[in-house]
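Peer 1: Sharing a structure below in structure tokens format, with a few things to ask.
Numbering (my numbering), first residue to last: 5 to 319.
In structure tokens:
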């Protein structure tokens, strides 16, 4: 009989499904990081989100471990090399929140184009400024998608109802062009796109990818969407791009500063990077707290996807 440790809270449908297979599921969500390694000694599976990294020091005593299941898309918080050496299977669930991310991306760009956060706040403050909130239309724009995996391809589908030209580049995928998206090179995105949307994982290649060099290679002023990972965009370079009007606006669901100390920056102004202060005060930037994939529906979908993958691998 297999034992599964839940280190993070996920939708209960996953636990219910595993228990229907007569597996034992234990709640370890309140076990501190300092004790978690010893606690994992007798478990065959681990279910996580992002509470803390699954590295060798934590996994070293989990001698019976067969798999780690992450309720989410990215795997950057797992030491994949160590798991490969140990033959520990890794499951993630990008299929579970891809629709949520795509809808969030569409909502963010439409909100930015139509000045919805600004107009909403002004009316609440007693300001009725129609001309100052004149919007832009998505119609006629060229949307460049970088990363054509689960979320990138789903975002392209959401754009079908708009009269936009969708082009996409993926470093590791080819042959995906169809009636709705044109497969292009990265340089073609930089030449043609007026909106750039990022849908890439965090890797050594993608960290800092949107930097001064990338911005200088864009042929036109453009709008940037980042619903991938905060580390992909160099915030200071983005600020420079906004200041010199190369970047006309940005929608950021993720931030370079997403760490355990994030909230502390607001308690001590000296800890807050100048670039972040600029972003916070810019009317050209819309922010959300890394919730692009967090919907009521995706919460359940993520667990259902993991359940099916675990069943298939362990049947």
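We treat Cβ as the ideally placed atom computed from N, Cα and C, and that holds for glycine. Computed from a predicted structure; not experimentally measured.
#1: Considering only the alpha carbon of each residue, which of 15, 62, 47 lies closest to residue 36?
#2: Look at the alpha carbon of residue 195 and the alpha carbon of residue 104, and state the distance between them as a whole number of angstroms.
#3: State the DSSP-derived secondary structure class of residue 22, mapped to helix, strand or coil.
#4: Would you identify the three-state DSSP class for residue 91, choosing helix, strand or coil?
#5: Bridge partners for residue 30 per DSSP, in chain order?
#6: Look up residue 231 in the DSSP assignment and say whether it is helix, strand or coil.
#7: With a threshold of 8 Å on Cβ separation, who are the neighbours of residue 298 within its own chain once the five nearest residues in sequence on each side are excluded?
#8: In chain order, what residues of the same chain lie with their CB nearer than 8 Å to the CB of residue 5, ignoring the 5 residues before and after it?
#9: Between the segment 225-235 and the segment 109-116, do at least 3 Cβ pairs fall closer than 8 Å?
#10: So residue 251 packs on residue 219, CB below 8 Å; how close in whole Å?
#11: Spell out the partners DSSP gives residue 49 in its beta bridges.
#12: Are residue 51 and residue 117 touching if we call contact CB-CB under 8 Å?
#13: Please list the terminal residues of the continuous alpha helix (DSSP H) segment that includes residue 156.
#14: When DSSP labels each residue in this structure, what does residue 259 get in the three-state scheme?
#15: Helix, strand or coil, according to DSSP, for residue 266 in the structure here?
#16: Measure the C-alpha to C-alpha separation of residue 166 and residue 160 and round it to an integer number of angstroms.
#17: Any idea what DSSP makes of residue 58, helix, strand or coil?
Peer 2: Reading from the atomic positions:
#1: By one-based count along the chain shown, residue 36 stands at place 32. Nearest option by C-alpha distance: 62.
#2: The count along the chain shown starts at 1 and reaches residue 195 at position 191. The count along the chain shown starts at 1 and reaches residue 104 at position 100. Distance between the alpha carbons of residue 195 and residue 104: 29 Å.
#3: Stepping through the chain shown from its first residue, residue 22 is reached at position 18. Three-state result, residue 22: helix.
#4: As a first step, residue 91 must be located in the chain shown, where it is residue number 87. Residue state, collapsed to three classes: coil.
#5: Counting from 1 along the chain shown, the entry for residue 30 is found at position 26. Paired residues: 9.
#6: The count along the chain shown starts at 1 and reaches residue 231 at position 227. DSSP places residue 231 in coil when its eight states are reduced to three.
#7: Locating residue 298 in the chain shown gives position 294, counting from the first residue. Contacts found: 101, 104.
#8: Start at 1 with the first residue of the chain shown, and residue 5 comes out as number 1. Cβ within range, chain order: 26, 27, 28.
#9: yes
#10: The residue you call residue 251 lines up with position 247 of the chain shown. The residue you call residue 219 lines up with position 215 of the chain shown. With a Cβ gap of about 7 Å, residue 251 and residue 219 count as contacting.
#11: Along the chain shown, one-based indexing puts residue 49 at 45. Partner(s): 8, 71.
#12: Counting from one through the chain shown, the residue named residue 51 turns up at place 47. Counting from one through the chain shown, the residue named residue 117 turns up at place 113. Their beta carbons are not under 8 Å apart, which means residue 51 does not touch residue 117 by this criterion.
#13: Looking up residue 156 in the chain shown gives position 152. Looking at the DSSP string, the run of the alpha helix (DSSP H) that includes residue 156 is 154-162.
#14: Within the chain shown, the letter at position 255 stands for residue 259. In this structure, residue 259 counts as coil in the three-state DSSP scheme.
#15: Counted from its first residue, the chain shown places residue 266 at position 262. DSSP places residue 266 in coil when its eight states are reduced to three.
#16: The residue labelled residue 166 in the question sits at position 162 within the chain shown. The residue labelled residue 160 in the question sits at position 156 within the chain shown. Those two C-alpha atoms are separated by around 10 Å.
#17: Here the question's residue 58 lines up with position 54 in the chain shown. Residue 58 falls in the strand class under three-state DSSP.
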